[in-house]
Amino acid sequence: MVIQPGPFKLKGPAIEPRDLEILILDKEVDTKNKFILVTDGDKKESKKATVNTESGTRYYTPGSALRRPLTTEWMDMTPEDKILESARAVRDKAETKKSEFVLLAPVPFYGHWKENATTWMQRFIRHVDSTKRPLLNEELVEYVGYQLEGRAKWWHRSASQLYPDWEQYVESFIYEFHPSKNKKIAKENLKEFKIYNGDF
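Numbering-wise (the numbering used here), the sequence shown opens with residue 33 and increments by one.
Next comes the structure, spelled out in structure tokens:
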């Protein structure tokens, strides 16, 4: 691109945009976008100037760009109606329906004595129901295995073979990890705990 040398003489208030005609000899340059050339000095002067003051005559020569770098800003000339129309189209697509909402899977179940197996299983069933995808009994038993850790994971490995039916699996899960049963086991372990017998 070749720019015809000047000096270019501009008059007008310091805060209004100025049009600068430049002869472009390269035909492959996109001339549809409008650019405004602003120098750092113009920004400082426009802050100091009031609305109706004239700043006088300014000369821009090709050599002045070497002393003060010009910043090029692209201004979008899209009408406001088109912007609002495209924003509404995006908004309509971005809204999610309440029926498409999927509950998060519950936190992993470890089988500790203070965890409530009944509450955890209810949350897991609500999570599966919110997916709106019907699962077979075998798929449910396999999927619940991915949500178990620790002692519960070890129990699941044998129980998934013994109870392939989902209803039986849930009953045995709640029986195995029932809070009262786990508290009883914890109390028995605490009674057997002897400080002076070398348990530490």
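Idealized CB from N, CA, C, for every residue including glycine.
Every value quoted in this text rests on a predicted model; they were computed, and no experiment measured them.
Item	Value
Rounded separation between H159 and F141 - CA only	14 Å
For F141: DSSP bridge partner residues	L180
Euclidean distance between Cα positions of Q193 and N221	29 Å
Counted within 10 angstroms of its Cβ, other Cβ atoms place L135 as buried (16 or more) or exposed	exposed
Enclosing alpha helix (DSSP H) for D161 [first to last residue]	A149 to S162
Buried versus exposed call for Y178 [16 or more other C-beta atoms within 10 Å across all chains shown]	exposed
Of the listed residues L116, E174, P196 and S162, nearest to F133 (C-alpha basis)	S162
Cβ-based burial, V173 [other Cβ within 10 Å; buried from 16]	buried
Cα-Cα separation between K219 and V176, rounded to whole angstroms	29 Å
Counted within 10 angstroms of its Cβ, other Cβ atoms place A191 as buried (16 or more) or exposed	buried
Buried/exposed call for G143, threshold 16 Cβ in 10 Å	buried
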